[in-house]
Amino acid sequence: MIEFSKGGPAMKAEGIGFSVPRREGPEKVTGVARYVADRIQDGGIFGVTVRSRVAHGRIKGIRFGPGIPWEEFTVVTARDILAQGWDNRVASIEPDQPFLAEEFINHAEEPILLLGHADRTLLERARRAVTVDVEELPAVLDLDQALACASLVGGKGNLFKEFRIELGDPADIWARAAHVVEGEYLTGAQEQLYIETNGMQAEVAPGDPAAVTVRGSLQCPYYVHAALTALFRLPPGQVRVLQMATGGAFGGKEDYPSIIAGHAALLAWKAGRPVTLVYDREEDMAATTKRHPSRSRLRTAFDAEGALLAMSSDFVLDAGAYTTLSPVVLSRGALHALSAYRCPHVRIHARAVATHSPPNGAFRGFGAPQSLFAMERHMDIAAARMGLDPVELRRRNLLRLGDRMATGQVVTEDLDLEGLMDRALADLDYEGKRAAFARHNAGPSPVKKGVGLSLFMHGCGFTGSGEQHLASVTGVATTASGLVRVLAAATEMGQGKETVFTQIVSEALGIPNDLVELAEADTREVPNSGPTVASRSTMVVGRLVQDAALGLKRMLIQERCLEEPYDAEGFRTAVARAHARAGGLTCSTEYRQPPNLSWDEVNYRGDAYPTYAWACYGVEVSVDTVTWEVKVEDFVARQEVGRVINPVLAAGQIEGGVTQGLGWALWEKVELDQGRMINNQMTNYIVPTAMDLPRIRVYFEENNPYALGPGGAKGLGELPMDGPAPAVLNAIQDALGVLALREVPLTPERLLEAMEAEHEPG
Amino acid sequence: MNQGEMRLEVTVNGVPRTVAAYPMARLLDVLRDGLGLVGTKEGCGEGECGACSVIMDGKLVNSCLVPAVQAQGAQILTIEGLAQGGSLTRLQQAFVTCNGAQCGFCTPGMVLAAADLLRRCPDPSEAEIREGLAGNICRCTGYVKIVDAVRQAGAPPVRP
Amino acid sequence: MRGDAPPCQVQVPGSLGEALLLMGQEPGRWRPLAGGTDLMVPFAAGRLEATRFLSLQRLDELRAIEVEPGTITFGTLVTYSQVRQHGAVQRHLPNLVQSAKVTGAVAIQNRGTLGGNLANGSPAADSPPSLLAYGAEVELASVRGVRWVPYEAFHTGYKRTAMAADELLTRIRVTVPAPGFHFYRKVGTRAAQAVAKICLAAFARVEDGIVREFRVGLGSVAPTPVRARSVEAAILGRSLDDLPVRAAREALLADIAPIDDIRSTARYRRTVAGNVLAQMLAELAGSNGDPQSFCQPQ
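Chains W, F and S supply the protein sequences, listed in that same order.
So the first sequence is numbered by this note's numbering: it starts at 29 and just counts up by one.
So the second sequence is numbered by this note's numbering: it starts at 7 and just counts up by one.
So the third sequence is numbered by this note's numbering: it starts at 8 and just counts up by one.
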């Protein structure tokens, strides 16, 4: 049962497990929350970006057309950056992407120059009046063409990253196995479509050194900070980054804001005025990062009873023109390629391929939805080929305590995936419906019905030694008013981070929620607790915050300001006293890699993630064979997540993520021309409305609390993205009997083609 | 007033306002830039997402599609006009309690669409709620908690 | 994007006469602006050539729905919401009500107008098929007088209409059909706020089991909304027991010319238009000649 807090000023502690209404809520429902486009800068100007329209070429010249008062404009090109001795490369895993193109263009949305002016309408006219003369060069846009390497785009041999995950040795298995099933699975790009587009504001105070302040819509203030200190070669103290209210992100504001911040700051420097640079929807959709398109070629060997003997995956991502986050997306994708199964012999070959398209990047799930789509779809096709029930096939192969995963990581949780699956199937009435639909489908109705499932996991936190490299730091501090203040760089973007951290601290200290406040995500105010990504904010950062809170309590006791037991009043007095006396106390915590985890980054072996959330999703669909439209009639999302901090917020994450996953499965097709998105309007890029989907039914299990998470919590932000697509296609297979559904999005047009191909004579 | 601008007289949230605007300027921009009411948001600029929804002469409209000239003399309700004197309406409170707002960017338009629906249909079914909100895209919530919030809200009076 | 507002001029005539006078003085120079839900989209994106607009907002005489014996007449500024809410329209023209219901969503329906939508001339608009199925006429007015044009002659090419440069579409008159069979189905990109990929509307009157009247209108399958005349010819005069569905599907191919575009494919449109046609004929056969209305989505 969900427990709702009973309004009013909370003089009781509502810690872990309570459905505390979001503290950020009231400002959202009154229109008071301030997003970057809402903020007026005195004396400020606006900026726009002039971009390439050609996928690959050499810049010959830039012409500024007639009818525009160019002398009023601020213009910035790569030449400005280089002339100042600054670094034109965006700080990244591999800094190969320029802020502004120098001589060559490598994708059809590449930023070439920036314009600034106070009049937004004139600015737009000016943008259209700039002509970039380009000597066009042949563009590599096809994965196979890129892999063939006749023409180089980037990386090493057109690969930004390549690695292998190997377990056992499948070489002899293929010939001996009772069943070998092969399949190729394709997933399309996906646009995050946060309702607030990307935008940043910048102010540059001249000096030696100068001071740069940026604020805007972003997920990772310290990523932007690093990008700006690198660009301007400034010491860290000279750059300040603040997050404003952010209208959705989902990974789409993980790395791209660094570019926009750099652009806004460059204009602000050159104009000597504050700059607002907000993208309109068309530009945002076409130019910023999207989910990597993927291709998985799977081969699995089963014994006569359906036990998995061997699995190989050739997993390829289309990275676009620059490295950006592709190595880590590839990594997470490859690590999820085997889904939640036991298999003694594994070969996963993963490659992130360079093409002349706008770079792809982070989107909730981060590679795992792509590889899990392939494996979970493959299991149903394999089941059908072997004459097995898809549920049974999974039952025979589910991971258990002590099993090894593809990297050799041993499952240390006492998993009950079978129970999870059975409960999810019961929630959906899977067996009952399957039987009823088989009868129904044999009848005359043009509407065919089916049910399908997917079973999967999502690794929580950064992969391998990622968290160790991040070395996240948080703090909890005293304030003059007696509240405790949480210092963390985690950003609120709708998931309720502020409320969850409040609950964690409230629980740890036994104090009312109102005695907890959170510092804004401002690099001047908070330490670097890492990016708000990878399903890590509650589990990793939340735990650090919990420890810092407990540490502060110990400090207060040591300073003799506080004695246990205490009540709310007593605690508040103690904090205020300590603050006045000691000038403020802060307890800082830094991430320590759990000693029992070990990871070999070179050979991709060991403990890939500290823990996993596990899930089974089930869906009922009806397919109208008149129009080939698929309707989702019922959706069950059941997951084991260790501990639910706030049930209503957690359910909201699952409902939202499932909806995005269903969008990706059925509607969200990115149409490309020259690598560039051409259906870049909301009229033509189709996301679900309130009329397109039923209620998503969400169930949580807390059977395997994660000892190192706050209250036992694991991460769950990305998990819901992984399950819907394969489950839906599995359900359509059940409804129509057609196996050749191996691509998402499965639009009605594609479904019709698949049906026609399946029934073609000869 | 610049050449070509008109003198636009509108009543916004019960208050008569006069502002200079180009006749073909979007009502959205008149509200945000001309009147400083930034609660109404731009999500797409093409009338698809509903983030710019306001209530004009008693009807829900996409303010990005209304030219200023056609707002002459109109009564407009924006999100700022709902909560009066610092206390939330029942509908807004329901959105908070039910977690109907996540990132909050679609929320102003969504709340007004819900207010418009409840005025026309005080006790809507789930299907009616979903139809009433079909023009407001949310990317965060999957709509479940939004529907819950509208259900919970019942029929609050909507000020003109 | 906000469009280039500063150079634009807008006239706001106080009466139809005034509006027509202005259009007569400078034919083709003033672009009529009804609810703005069509025009403002390309305008904001900087893709609209026009910079001079004639706002019809004060022409209240064009906002009425007039019910007379045998006809219902819509003023050009009647909104989709008005169409949906009007009792007589609900009773007699269910296809039109359904087409209004599936146009955009509430906010669009409150501002979008029937006349504006027709004058915009998009082949993908949702109302034209229902007007073709019912048989409608449109009144075109100018300083030179008024003329009535059969609606099926109104669209002359892709986004081109029969209107002269000085003419305004002022009224749409629909003959109230005898009790009969109404069918409307829009196949959109999603359940709401969607452009049609195919749209089919039909009306049939059956007497003694024979189809006496039959009209089919389609959208999104040709450069204009189309009457499926070959299909009608195949079905008219036939018995409900013996409707030649196969022949009708083949006849349909002669009436439509679908294309590949950003939303769908010619192949899909061709196949699904045929499927929806077959669905409609099955519903018709199943009606046994009893008056009924079938609209999808519900």
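We put the beta carbon where it would ideally sit given N, CA and C, even for glycine.
Since this is a predicted model, take the numbers as computed values, not measurements.
1. Between residue 64 (chain S) and chain F, is the shortest Cβ-Cβ distance under 9 Å, so that the two count as touching?
2. Three or more beta-carbon pairs under 8 Å between the segment 215-222 of chain W and the segment 383-398 of chain W, yes or no?
3. Closest to residue 19 (chain S) by CA distance: which of S:162, S:41 and S:158 is it?
4. Here's a check: name, in chain order, each residue in its chain whose Cβ is nearer than 6 Å to the Cβ of residue 758 (chain W), leaving out the five neighbours to either side.
5. Check whether the segment 553-561 of chain W and the segment 296-315 of chain W touch, using three or more Cβ-Cβ pairs below 8 Å as the test.
6. Residues of the segment 42-54 of chain F in Cβ contact with chain W at a cutoff of 9 Å, in chain order, please.
7. Whole angstroms is fine: what's the gap from residue 695 (chain W)'s alpha carbon to residue 260 (chain W)'s?
8. Would residue 21 (chain F) and residue 37 (chain F) be called neighbours here (beta carbons separated by less than 9 Å)?
9. Indicate whether the contact test is met: 3 or more Cβ pairs, each with one atom in the segment 777-786 of chain W and one in the segment 145-156 of chain F, closer than 8 Å.
10. Counting Cβ pairs, one atom from each stretch, are 3 or more of them under 8 Å apart for the segment 582-595 of chain W and the segment 511-530 of chain W?
11. Could you work out which residues of chain W lie near residue 114 (chain F), taking near to mean beta carbons separated by less than 7 Å?
12. Which class does residue 82 (chain F) belong to by DSSP, given the choice of helix, strand or coil?
13. Residues in its own chain within less than 6 Å of residue 321 (chain W) by CB, not counting five upstream and five downstream?
14. Pull up the CB-CB distance for residue 142 (chain F) and residue 680 (chain W), whole angstroms please, since I reckon it's below 8 Å.
15. At what residue ranges does the segment 228-290 of chain S contain a whole run of the alpha helix (DSSP H), taking only runs of 4 or more?
16. Inspect the beta-carbon positions of residue 270 (chain S) and residue 202 (chain S) and report whether they are closer than 9 Å.
17. Beta-carbon separation of residue 637 (chain W) and residue 558 (chain W) under 9 Å?
18. If you reduce the DSSP assignment to three classes, tell me which class residue 36 (chain F) lands in.
19. What first and last residue would you give for the alpha helix (DSSP H) that runs through residue 697 (chain W)?
20. Given residue 277 (chain S), which residues of its chain have a CB within under 6 Å of its CB, disregarding the five upstream and five downstream residues?
21. What's the C-alpha gap between residue 104 (chain S) and residue 26 (chain S)?
22. Could you give the first and the last residue of the continuous alpha helix (DSSP H) run that contains residue 607 (chain W)?
23. Buried or exposed, going by whether 16 or more other CB atoms sit within 10 Å of the CB of residue 367 (chain W)?
24. Could you name the residues of chain F that residue 269 (chain S) contacts, counting a contact when the two beta carbons are closer than 7 Å?
25. Using a 10 Å radius around the Cβ and a threshold of 16 neighbouring Cβ atoms, would you call residue 7 (chain F) buried or exposed?
26. Could you say which of W:738, W:579, W:269 and W:198 lies nearest to residue 549 (chain W) if we only look at CA atoms?
27. Among the candidates W:372, W:539, W:351 and W:643, whose CA atom is the shortest distance from the CA of residue 42 (chain W)?
28. May I ask which residues mark the beginning and end of the beta strand (DSSP E) holding residue 122 (chain W)?
29. Which chain F residues are close to residue 273 (chain W), counting only those with a beta carbon under 9 Å from its beta carbon?
30. Between the beta-carbon of residue 85 (chain F) and the beta-carbon of residue 53 (chain W), is there less than 9 Å?
31. Check each residue of the segment 39-56 of chain W: if its Cβ is closer than 9 Å to any Cβ of chain F, include it; give the result in chain order.
32. Could you give the DSSP three-state label for residue 790 (chain W): helix, strand or coil?
33. For a quick check, are the C-beta atoms of residue 168 (chain W) and residue 179 (chain W) less than 9 Å apart?
34. Would you kindly check if the distance between the Cβ of residue 144 (chain W) and the Cβ of residue 298 (chain W) is under 9 Å?
35. Closer than 7 Å, Cβ to Cβ, to anything on chain W: give me those residues from the segment 196-207 of chain S, in chain order.
36. Please list, in chain order, the residues of the segment 698-712 of chain W that have any C-beta partner in chain F closer than 8 Å.
Well, looking at it:
1. Position 57 of the third sequence, counted from the start, is the residue given in the question as residue 64 (chain S). Among the CB atoms of chain F, one or more fall inside 9 Å of the CB of residue 64 (chain S).
2. The way I'd put it, the segment 215-222 of chain W does touch the segment 383-398 of chain W; three or more beta-carbon pairs between them come closer than 8 Å.
3. Taking the first residue of the third sequence as 1, we reach residue 19 (chain S) at position 12. Among S:162, S:41 and S:158, the Cα nearest to that of residue 19 (chain S) is on S:41.
4. Here residue 758 (chain W) corresponds to residue number 730 of the first sequence, with the count starting at 1. Counting only Cβ-Cβ distances below 6 Å, and skipping sequence neighbours, we find 408 and 480.
5. Between the segment 553-561 of chain W and the segment 296-315 of chain W there are fewer than three inter-stretch CB-CB distances shorter than 8 Å, so the stretches are not counted as touching.
6. Interface annotation for the segment 42-54 of chain F against chain W: 42, 43, 44, 45, 46, 47, 48, 49, 50, 51, 52, 53 and 54, criterion Cβ-Cβ distance under 9 Å.
7. One-based indexing of the first sequence puts residue 695 (chain W) at position 667. One-based indexing of the first sequence puts residue 260 (chain W) at position 232. Their Cα atoms are separated by approximately 42 Å.
8. By one-based count along the second sequence, residue 21 (chain F) stands at place 15. By one-based count along the second sequence, residue 37 (chain F) stands at place 31. Taking 9 Å as the Cβ cut-off, residue 21 (chain F) and residue 37 (chain F) do not qualify as a contacting pair.
9. Pairwise C-beta distances place the segment 777-786 of chain W out of contact with the segment 145-156 of chain F, as fewer than three of them are shorter than 8 Å.
10. With the cut-off at 8 Å, the segment 582-595 of chain W and the segment 511-530 of chain W do not touch.
11. Position 108 of the second sequence, counted from the start, is the residue given in the question as residue 114 (chain F). Correct list: 59.
12. For the purposes of this step, residue 82 (chain F) is taken as the residue at position 76 of the second sequence. Look at residue 82 (chain F) here: in three-state DSSP terms it is strand.
13. The residue you call residue 321 (chain W) lines up with position 293 of the first sequence. Excluding sequence neighbours, residue 321 (chain W) sits near 216, 217 and 346.
14. Here residue 142 (chain F) is taken as the residue at index 136 of the second sequence, counted from 1. Here residue 680 (chain W) is taken as the residue at index 652 of the first sequence, counted from 1. That belief does not hold up - the Cβ atoms of residue 142 (chain F) and residue 680 (chain W) are roughly 17 Å apart, past 8 Å.
15. As far as the segment 228-290 of chain S is concerned, its whole alpha helix (DSSP H) runs of at least 4 residues are 236-242 and 252-262.
16. On the third sequence, position 263 is the one that residue 270 (chain S) refers to. On the third sequence, position 195 is the one that residue 202 (chain S) refers to. Annotated as proximal: residue 270 (chain S) and residue 202 (chain S), with beta-carbon spacing under 9 Å.
17. The sequence position of residue 637 (chain W) within the first sequence is 609, counting from 1. The sequence position of residue 558 (chain W) within the first sequence is 530, counting from 1. No, these two residues do not count as a Cβ contact at 9 Å.
18. Locating residue 36 (chain F) in the second sequence gives position 30, where the first residue counts as 1. Helix at residue 36 (chain F).
19. Within the first sequence, residue 697 (chain W) is the residue found at index 669, counting from 1. Annotation for residue 697 (chain W): no alpha helix (DSSP H) segment contains it, and DSSP assigns it neither H nor E.
20. Within the third sequence, the letter at position 270 stands for residue 277 (chain S). By the criterion of a C-beta distance shorter than 6 Å, residue 277 (chain S) is surrounded in its chain by 265, once the five residues flanking it on both sides are discounted.
21. One-based indexing of the third sequence puts residue 104 (chain S) at position 97. One-based indexing of the third sequence puts residue 26 (chain S) at position 19. Counting only the Cα atoms, residue 26 (chain S) lies some 29 Å from residue 104 (chain S).
22. Along the first sequence, one-based indexing puts residue 607 (chain W) at 579. Counted as a single uninterrupted DSSP element, the alpha helix (DSSP H) harbouring residue 607 (chain W) occupies residues 596-610.
23. Along the first sequence, read from residue 1 onward, the residue named residue 367 (chain W) stands at position 339. Looking at its Cβ environment, which holds 16 or more other Cβ atoms inside 10 Å, residue 367 (chain W) is buried.
24. Counting from one through the third sequence, the residue named residue 269 (chain S) turns up at place 262. Within 7 Å Cβ-Cβ: nothing; residue 269 (chain S) doesn't reach chain F, min ~14 Å.
25. Numbered from 1 along the second sequence, position 1 holds the residue referred to as residue 7 (chain F). Under this definition residue 7 (chain F) is an exposed residue.
26. Looking up residue 549 (chain W) in the first sequence gives position 521. Closest option to residue 549 (chain W), Cα to Cα, is W:269.
27. Locating residue 42 (chain W) in the first sequence gives position 14, counting from the first residue. Closest option to residue 42 (chain W), Cα to Cα, is W:539.
28. Your numbering for residue 122 (chain W) matches position 94 in the first sequence. For residue 122 (chain W), there is no enclosing beta strand (DSSP E), as DSSP gives it neither H nor E.
29. By 1-based counting over the first sequence, the position of residue 273 (chain W) is 245. Per Cβ cutoff of 9 Å: 109, 110 and 111.
30. The residue labelled residue 85 (chain F) in the question sits at position 79 within the second sequence. The residue labelled residue 53 (chain W) in the question sits at position 25 within the first sequence. For residue 85 (chain F) and residue 53 (chain W), no; Cβs fall outside 9 Å.
31. Under the 9 Å Cβ criterion, the segment 39-56 of chain W contributes 47, 49, 50, 52, 53, 54, 55 and 56.
32. If you number the first sequence from 1, residue 790 (chain W) lands on position 762. Summary for residue 790 (chain W): the model assigns pLDDT 46, below 50, so the residue's position carries little reliability, and this model does not support an answer.
33. Numbered from 1 along the first sequence, position 140 holds the residue referred to as residue 168 (chain W). Numbered from 1 along the first sequence, position 151 holds the residue referred to as residue 179 (chain W). Closer than 9 Å, so yes.
34. In the first sequence, residue 298 (chain W) corresponds to position 270, counting from 1. In the first sequence, residue 144 (chain W) corresponds to position 116, counting from 1. For the 9 Å CB-CB criterion, residue 298 (chain W) and residue 144 (chain W) form a contact.
35. The residues in question are 196, 197, 198, 199, 200 and 202.
36. 709, 710 and 711: these are the residues of the segment 698-712 of chain W whose beta carbon lies less than 8 Å from some beta carbon of chain F, given in chain order.
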